[in-house]
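Numbering (my numbering), first residue to last: 13 to 186.
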């Protein structure tokens, strides 16, 4: 009987060591920022911070004290972005884009590349339902907004005419 191969592949065979994220700067130019995988120490700190935040959010109430101070928030973004942190700032990237890149990196670090990619594409935090406006904008199954697509005829006008309906006598069921 042949022994099963129980050896492991090298980690670099299936782990992603970086993210390349294209960001439009204030000058309108698109630059690709490479976000490197953080050190193990930084990864542990990022996990600890995000786990605490998730617990607070799951509780459904705002924390009594500030979860992260300004310096701690900057440190979190620096840990998530690595060397790209300084490049993004030096290139004058707007705050909303800077934060979006940082959150994408954070989802990558704490979960995986697919989750980060989904956040990058949709702007939705993983597991968060779409907002009402987005749901309303989506076409419902079987509708296309075109009258030609619907073969059911619309009823004619009945404005003010009720003469063809007969009233049922009280007590009758038919």
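For every residue, glycine included, the Cβ atom is placed at its ideal position computed from N, Cα and C. Here the structure is a predicted model, which means the values were calculated and not measured.
So within the stretch 26-96, which uninterrupted beta strand (DSSP E) runs reach at least 3 residues, ignoring any that extend past its ends? Scanning the stretch 26-96 from its first residue to its last, the whole beta strand (DSSP E) runs of 3-plus residues come out as 30-36, 42-48.
Should residue 35 be labelled buried (16 or more other beta-carbon atoms within 10 Å of its own) or exposed? It is buried - the Cβ of residue 35 has at least 16 other Cβ atoms within 10 Å.
Span separating the alpha-carbon of residue 70 from that of residue 17: Each residue's Cα considered, the two are about 43 Å apart.
Roughly how many whole angstroms lie between the Cα atoms of residue 41 and residue 85? Rounded to whole angstroms, residue 41 to residue 85 spans 27 Å at the Cα level.
How long is the line joining the alpha carbons of residue 29 and residue 88, rounded to whole angstroms? Residue 29 and residue 88 have their alpha carbons spaced roughly 19 Å apart.
Is it buried or exposed for residue 131, if we count other Cβ within 10 angstroms and need 16 for buried? The residue in question, residue 131, is buried, as its Cβ has 16 or more Cβ neighbours within 10 Å.
Could you give the first and the last residue of the continuous alpha helix (DSSP H) run that contains residue 127? Counted as a single uninterrupted DSSP element, the alpha helix (DSSP H) harbouring residue 127 occupies residues 125-134.
Beta-carbon spacing of residue 117, residue 31 below 8 Å: Cβ atoms of residue 117 and residue 31: closer than 8 Å.
Residues of its chain near residue 44, where Cβ-Cβ distance is below 6 Å and the 5 sequence neighbours each way are ignored: Close CB contacts of residue 44 within its chain, under the 6 Å cut and outside five residues either way in sequence, are with 32, 34 (chain order).
With DSSP run on the structure shown, which of helix, strand or coil describes residue 105? For residue 105, the three-state secondary structure derived from DSSP is coil.
Using a 10 Å radius around the Cβ and a threshold of 16 neighbouring Cβ atoms, would you call residue 22 buried or exposed? Burial call: exposed.
In the structure shown, what three-state DSSP assignment does residue 98 receive? Secondary structure of residue 98 (DSSP, three-state): helix.
Let me make sure I understand the geometry here. Which of 128, 127, 122, 126 has the alpha-carbon closest to that of residue 65? Comparing Cα positions, the closest option is 122.
Applying the criterion that 16 or more other CB atoms from any shown protein chain within 10 Å of the CB defines a buried residue, is residue 96 buried or exposed? Residue environment: residue 96 is assigned as buried (16 or more neighbouring CB atoms within 10 Å of its CB, all protein chains considered).
For residue 81, which of 55, 128, 61, 127 has the nearest alpha-carbon? Measuring from the Cα of residue 81, the nearest candidate turns out to be 61.
Please confirm whether residue 48 and residue 94 have their CB atoms less than 8 Å apart. If you check the CB distance, residue 48 and residue 94 come in under 8 Å.
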